[in-house]
Amino acid sequence: MGSYTGLLELCFFAKLCNGCMQIAYPSGVEGFQTQLLKIQDNIPICASILSQHLALYSLEMGPEWVNDQVKDLVKNRDIILEALSPLGEGSVKGGEGAIYLWAKLPEQYVDDDKVVRWLAKVVRWIAGAVLLVQILWLIDVRLVYM
(Lines of atoms letter the chains of each structure in order from A and count residues from 1; the text may use other names and numbers.)
(Lines give C-alpha, C1' and ligand atoms only; values in the text may rest on other atoms or scores of the structure.)
Protein backbone atom coordinates (compact mmCIF):
# COMPACT_ATOMS: atom_id res chain seq x y z
CA MET A 1 0.00 0.00 0.00
CA GLY A 2 2.93 2.31 -0.43
CA SER A 3 3.41 4.87 2.34
CA TYR A 4 -0.03 4.31 3.89
CA THR A 5 0.06 2.76 7.35
CA GLY A 6 -2.79 1.34 9.34
CA LEU A 7 -4.42 -0.18 6.26
CA LEU A 8 -4.97 -3.83 5.50
CA GLU A 9 -4.88 -4.64 1.81
CA LEU A 10 -6.77 -7.61 0.44
CA CYS A 11 -5.91 -8.84 -3.02
CA PHE A 12 -8.13 -11.34 -4.83
CA PHE A 13 -6.34 -13.03 -7.71
CA ALA A 14 -8.23 -14.44 -10.65
CA LYS A 15 -6.30 -17.49 -11.85
CA LEU A 16 -7.40 -17.30 -15.46
CA CYS A 17 -7.19 -13.62 -16.23
CA ASN A 18 -4.03 -12.61 -14.35
CA GLY A 19 -6.09 -9.89 -12.72
CA CYS A 20 -6.11 -8.58 -9.22
CA MET A 21 -8.79 -6.66 -7.36
CA GLN A 22 -7.42 -4.74 -4.40
CA ILE A 23 -9.45 -3.43 -1.49
CA ALA A 24 -7.95 -1.47 1.41
CA TYR A 25 -9.52 -1.33 4.87
CA PRO A 26 -8.43 0.59 7.99
CA SER A 27 -6.80 -2.03 10.23
CA GLY A 28 -7.28 -0.18 13.52
CA VAL A 29 -11.07 -0.55 13.60
CA GLU A 30 -12.27 -2.46 16.65
CA GLY A 31 -14.04 -5.68 15.68
CA PHE A 32 -12.71 -5.58 12.12
CA GLN A 33 -11.24 -9.09 12.22
CA THR A 34 -14.55 -10.63 13.30
CA GLN A 35 -16.42 -8.91 10.50
CA LEU A 36 -13.82 -9.94 7.93
CA LEU A 37 -14.16 -13.58 9.00
CA LYS A 38 -17.94 -13.32 8.45
CA ILE A 39 -17.31 -12.13 4.91
CA GLN A 40 -14.73 -14.83 4.31
CA ASP A 41 -17.13 -17.54 5.49
CA ASN A 42 -19.52 -16.59 2.70
CA ILE A 43 -17.00 -16.92 -0.13
CA PRO A 44 -16.81 -20.56 -1.33
CA ILE A 45 -13.11 -20.44 -2.26
CA CYS A 46 -11.84 -19.03 1.05
CA ALA A 47 -10.48 -21.37 3.69
CA SER A 48 -12.14 -19.78 6.72
CA ILE A 49 -11.40 -21.06 10.21
CA LEU A 50 -14.58 -23.14 10.18
CA SER A 51 -13.65 -24.60 6.78
CA GLN A 52 -10.19 -25.49 8.06
CA HIS A 53 -11.71 -27.38 11.01
CA LEU A 54 -14.05 -29.20 8.62
CA ALA A 55 -11.11 -30.13 6.39
CA LEU A 56 -9.20 -31.63 9.34
CA TYR A 57 -12.30 -33.52 10.49
CA SER A 58 -12.80 -34.82 6.95
CA LEU A 59 -9.26 -36.18 6.90
CA GLU A 60 -9.90 -37.96 10.20
CA MET A 61 -13.19 -39.47 9.00
CA GLY A 62 -11.81 -40.74 5.71
CA PRO A 63 -12.83 -40.71 2.04
CA GLU A 64 -16.03 -42.76 2.47
CA TRP A 65 -17.47 -40.17 4.87
CA VAL A 66 -16.44 -37.31 2.58
CA ASN A 67 -18.02 -38.99 -0.47
CA ASP A 68 -21.24 -39.51 1.47
CA GLN A 69 -21.33 -35.82 2.46
CA VAL A 70 -20.81 -34.44 -1.05
CA LYS A 71 -22.85 -36.92 -3.11
CA ASP A 72 -25.72 -34.44 -3.41
CA LEU A 73 -23.43 -31.93 -5.12
CA VAL A 74 -23.53 -34.16 -8.21
CA LYS A 75 -27.29 -33.59 -8.46
CA ASN A 76 -26.81 -29.83 -8.13
CA ARG A 77 -24.11 -29.87 -10.83
CA ASP A 78 -26.32 -31.90 -13.17
CA ILE A 79 -29.26 -29.51 -12.67
CA ILE A 80 -27.07 -26.56 -13.65
CA LEU A 81 -25.60 -28.46 -16.62
CA GLU A 82 -29.11 -29.22 -17.87
CA ALA A 83 -30.16 -25.58 -17.45
CA LEU A 84 -27.09 -24.45 -19.42
CA SER A 85 -27.57 -27.01 -22.21
CA PRO A 86 -29.09 -24.40 -24.60
CA LEU A 87 -25.62 -22.84 -24.78
CA GLY A 88 -24.56 -25.78 -26.94
CA GLU A 89 -22.05 -28.59 -26.77
CA GLY A 90 -18.63 -27.56 -25.50
CA SER A 91 -19.90 -24.29 -24.00
CA VAL A 92 -19.78 -25.50 -20.38
CA LYS A 93 -16.59 -26.77 -18.75
CA GLY A 94 -15.57 -27.90 -15.28
CA GLY A 95 -17.37 -29.70 -12.49
CA GLU A 96 -14.86 -32.53 -12.20
CA GLY A 97 -13.78 -32.51 -8.57
CA ALA A 98 -14.62 -28.85 -8.01
CA ILE A 99 -17.70 -26.78 -7.24
CA TYR A 100 -17.30 -24.56 -10.30
CA LEU A 101 -18.56 -24.60 -13.86
CA TRP A 102 -17.37 -22.25 -16.62
CA ALA A 103 -19.93 -21.31 -19.25
CA LYS A 104 -19.23 -19.52 -22.53
CA LEU A 105 -22.10 -17.12 -23.06
CA PRO A 106 -23.69 -16.35 -26.43
CA GLU A 107 -22.08 -13.40 -28.21
CA GLN A 108 -25.18 -11.21 -27.84
CA TYR A 109 -24.70 -11.25 -24.04
CA VAL A 110 -21.52 -9.21 -23.65
CA ASP A 111 -23.33 -6.47 -21.68
CA ASP A 112 -23.31 -7.20 -17.91
CA ASP A 113 -26.96 -6.17 -17.48
CA LYS A 114 -28.09 -8.46 -20.30
CA VAL A 115 -26.05 -11.33 -18.84
CA VAL A 116 -27.69 -10.94 -15.44
CA ARG A 117 -31.17 -10.83 -17.00
CA TRP A 118 -30.41 -13.88 -19.18
CA LEU A 119 -29.06 -15.87 -16.23
CA ALA A 120 -32.02 -14.95 -14.03
CA LYS A 121 -34.50 -16.00 -16.74
CA VAL A 122 -32.83 -19.10 -18.17
CA VAL A 123 -30.65 -20.52 -15.40
CA ARG A 124 -32.44 -19.13 -12.32
CA TRP A 125 -29.13 -17.69 -11.17
CA ILE A 126 -28.81 -16.33 -7.66
CA ALA A 127 -26.86 -13.09 -7.36
CA GLY A 128 -23.45 -13.60 -5.85
CA ALA A 129 -23.01 -17.12 -7.19
CA VAL A 130 -21.56 -16.07 -10.53
CA LEU A 131 -18.33 -14.38 -11.51
CA LEU A 132 -18.10 -12.71 -14.93
CA VAL A 133 -14.68 -12.82 -16.52
CA GLN A 134 -13.67 -11.18 -19.75
CA ILE A 135 -10.74 -12.99 -21.34
CA LEU A 136 -9.51 -12.12 -24.82
CA TRP A 137 -12.79 -10.32 -25.59
CA LEU A 138 -14.83 -13.42 -24.70
CA ILE A 139 -17.33 -13.37 -21.86
CA ASP A 140 -17.34 -16.42 -19.60
CA VAL A 141 -19.27 -17.08 -16.41
CA ARG A 142 -18.06 -19.08 -13.42
CA LEU A 143 -20.94 -20.68 -11.53
CA VAL A 144 -20.61 -22.16 -8.06
CA TYR A 145 -22.82 -25.10 -7.15
CA MET A 146 -23.14 -26.13 -3.51
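Numbering (mature numbering (1 follows the signal peptide of the UniProt record, and there is no 0)), first residue to last: -19 to -1, 1 to 127.
Backbone N, C-alpha and C define an ideal beta-carbon position, used for all residues, glycine too.
Everything numeric in this text was worked out from a predicted model, so none of it was measured.
Same chain, Cβ closer than 8 Å to residue i, neighbours up to 5 away in sequence not counted
i, result
"L68", "A84, K85, L86, P87"
Reference residue i, options the options, closest by Cα
i, options, result
"Y81", "S72, R58, Q89, G71", "R58"
"L54", "E77, E11, Q89, G12", "E77"
Proximal residues to residue i (C-beta, below 6 Å), its chain only, five neighbours per side dropped
i, result
"K52", "none"
Residue i - containing beta strand (DSSP E), residue span
i, result
"L86", "Where L86 is concerned, there is no enclosing beta strand (DSSP E), given that its DSSP letter is neither H nor E."
"G43", "G43 -> no beta strand (DSSP E), and no H or E assigned at all."
"G69", "Neither: G69 is in no beta strand (DSSP E) and is coded neither H nor E."
"G75", "73 to 75"
Own chain partners of residue i with C-beta closer than 7 Å, once the 5 adjacent residues on each side are dropped
i, result
"G75", "Y81, L82, W83"
"K(-5)", "Here the model assigns K(-5) a pLDDT of 44, short of 50, so the residue's position is not dependable, and the following value carries that caveat. Hits under 7 Å: none found."
(message) For the stretch 61 to 73 against the stretch 29 to 47, do three or more pairs of beta-carbon atoms, one drawn from each stretch, fall closer than 8 Å, so that the two count as touching?
(response) no
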